[in-house]
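Residue numbers (this note's numbering): 304 to 762.
Notes to accompany the following structure.
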Ligand code: G3I
């Protein structure tokens, strides 16, 4: 007879032991359900996320955040689960924090910083001196006043957030596009001359000596005239002891401006000057496999440069992107992870992109209803021995069958219209052994055969 160390009497026979264990699993599932989102997302932390995959490589993985979405639960749960750094998308810009001279309003930015801090996320500060989103009063100042106002702005904002910001974009987009290599016209450039950039950096160092001070720009991702102009400025700053710690590469990509072939080499040449490099506003327009490949290449480029300390994507979900119609982010409008998400995890060496590690899932299929001309199919997805945060299942129908409706999942289609790739629609987080189901209606058009259900891929 077998006794446990706490004497509960004899162990039940095998059948009763199985039922007891099943009851325990069900009770645990009940507790998780009763605990709501909090309990489930705690479980999901065991699985790979963007933040944890990047952390395994010594990098942060951040996102731009807008304060006005912090009341949306799906937005916040995705943010909190996946990201280890945030950048306020607009809330720290000059027009937001100093709308009139020497009158500061930090409310929305504070909201983002407090949220990040409560979740243990880092914060990037964006941005102190920029020609855009500049309130009208700044452009109206004379030279001496403008110098005072610029330095006061930097000092007040940085002191307000002292100790809370890991990196500041001190100066943003000060160079012209194209081949000129010239500085962009702005109130600062036009009145204070090119020296405004180093003055801003010196003021910033005095205001918060612990923050990393970055220069940030776009169309500087590959080796070109604009990036070379920035490179020459950084080289000059380093040689003269002007304080600069990092260069931000915004990395807004699309078909007209794809990830450059010399991206890694360009990041490396900056790193070789003795600064960190950061990918600060990444988004890549497109979809499916080609978008995924580009995202994977960006991660690989960063991992190829030891001083590339982290990546920030410019938003959580396609629906709130500044380029929303180009669907450039890692989560779609329903917060379902896209193939690009798996590619990022996979490039970091995580468990996405077709499995590996412990994240696994399995599928089963049943026909739940049929009628003359159609049937409903249901696929049940079950997590393996560890919690998962996403799953992908392909369902293939036989022409002339057509899928006419789906539920409890987020489908994408191949060009033939016969292969539907289903991803979660809010039901991606599964505790070990837990299940969820999605369903679909097939119009038979004379063919009643069952659909082919592909393997389940977990992330
Ligand atoms: O909040 C107002 C809203 O009240 C009003 O109804 C609406 C009407 O247009 O405008 C809203 O403000 C918009 C704001 O985004 C918030 O959505 C502004 O018009 C719009 O100009 C602003 O755009 C921002 C843009 O910077 C401004 O230059 C984008 O959100 C932001 O993603 C974008 O971010 C920049 C980085 O800071 C620097 N690098 C490029 C990047 C993309 O443009």
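Even glycine gets a Cβ: it sits at the ideal position worked out from N, Cα and C.
Check: Cβ contact check for the stretch 558-568 and the stretch 612-622: 3 or more pairs under 8 angstroms; Outcome: no
Check: Supposed contact pair residue 745 and residue 651 - C-beta distance, whole angstroms, cut 8 angstroms; Outcome: Not quite, the Cβ-Cβ distance comes to about 38 angstroms (not below 8 angstroms), so this is no contact.
Check: Closest Cα partner of residue 701 within the set 587, 721, 694, 524; Outcome: 721
Check: Outcome for residue 728 when other beta-carbon atoms lying within 10 angstroms are tallied against a minimum of 16; Outcome: buried
Check: Which residues DSSP lists as bridging residue 722, in chain order; Outcome: 699
Check: Cβ contact check for the stretch 510-520 and the stretch 469-484: 3 or more pairs under 8 angstroms; Outcome: yes
Check: Candidates 500, 451, 428, of which the one nearest residue 466 by Cα; Outcome: 428
Check: Whole-number beta carbon distance between residue 686 and residue 735, since they are thought to touch under 8 angstroms; Outcome: 6 angstroms
Check: Closest by C-alpha distance to residue 596, when choosing among 647, 625, 628, 504; Outcome: 647
Check: Alpha helix (DSSP H) segment containing residue 538, residue limits; Outcome: 528-543
Check: Distance cut-off 7 angstroms: residue 489 Cβ against heavy atoms of ligand 1; Outcome: no
Check: Identity of the residue in 540, 532, 527, 717 nearest residue 564 by Cα; Outcome: 527
Check: Through-space distance from residue 689 to residue 305, alpha-carbon basis; Outcome: No answer about residue 305 holds up, because its pLDDT of 34 lies below 50 and its placement is not dependable.
Check: Own chain, CB closer than 8 angstroms to residue 516, minus 5 neighbours either side, in chain order; Outcome: 470, 471, 473, 504, 507, 508, 546, 547, 548, 549
Check: At least three beta-carbon pairs within less than 8 angstroms, the stretch 661-673 to the stretch 416-430; Outcome: no
Check: Cβ pair residue 552, residue 588 closer than 8 angstroms; Outcome: no
Check: Endpoints, the alpha helix (DSSP H) within which residue 642 is located; Outcome: 642-650
Check: Cβ pair residue 441, residue 490 closer than 8 angstroms; Outcome: yes
Check: Distance CB(residue 398)-CB(residue 437) smaller than 8 angstroms; Outcome: yes
Check: Residue 518 beta carbon near ligand 1 (any heavy atom closer than 7 angstroms); Outcome: no
Check: Beta-carbon gap between residue 453 and residue 499 smaller than 8 angstroms; Outcome: yes
Check: Same chain only: Cβ atoms within 8 angstroms of residue 611, ignoring 5 sequence neighbours per side; Outcome: 362, 570, 574, 579, 580, 581, 582, 604, 605
Check: Cβ pair residue 393, residue 433 closer than 8 angstroms; Outcome: no
Check: Nearest residue (CA-CA) to residue 412, options 426, 404, 635, 762; Outcome: 426
Check: C-alpha distance - residue 554 paired with residue 382, whole-angstrom precision; Outcome: 21 angstroms
Check: The alpha helix (DSSP H) enclosing residue 353, as first and last residue numbers; Outcome: 353-358
Check: Enclosing beta strand (DSSP E) for residue 519 [first to last residue]; Outcome: 515-520
Check: beta-carbon residue 521 near ligand 1 non-hydrogen atom, thresh 7 angstroms; Outcome: yes
Check: Those runs of the beta strand (DSSP E) which lie wholly inside the stretch 382-407 and span at least 3 residues; Outcome: 388-391
Check: Beta-carbon proximity check, residue 568 vs residue 598, cutoff 8 angstroms; Outcome: no
Check: Three-state secondary structure (DSSP) of residue 455; Outcome: helix
Check: Span of the beta strand (DSSP E), counted from its first residue to its last, around residue 584; Outcome: 579-587
Check: Secondary structure of residue 599, DSSP reduced to three states; Outcome: helix
Check: Own chain partners of residue 337 with C-beta closer than 7 angstroms, once the 5 adjacent residues on each side are dropped; Outcome: Caution applies to residue 337, whose pLDDT of 32 falls short of 50 and renders its modelled position unreliable; the model cannot decide the point.
Check: Which residues DSSP lists as bridging residue 746, in chain order; Outcome: 677, 705
Check: Residue 710 CB to nearest heavy atom of ligand 1 below 7 angstroms; Outcome: no
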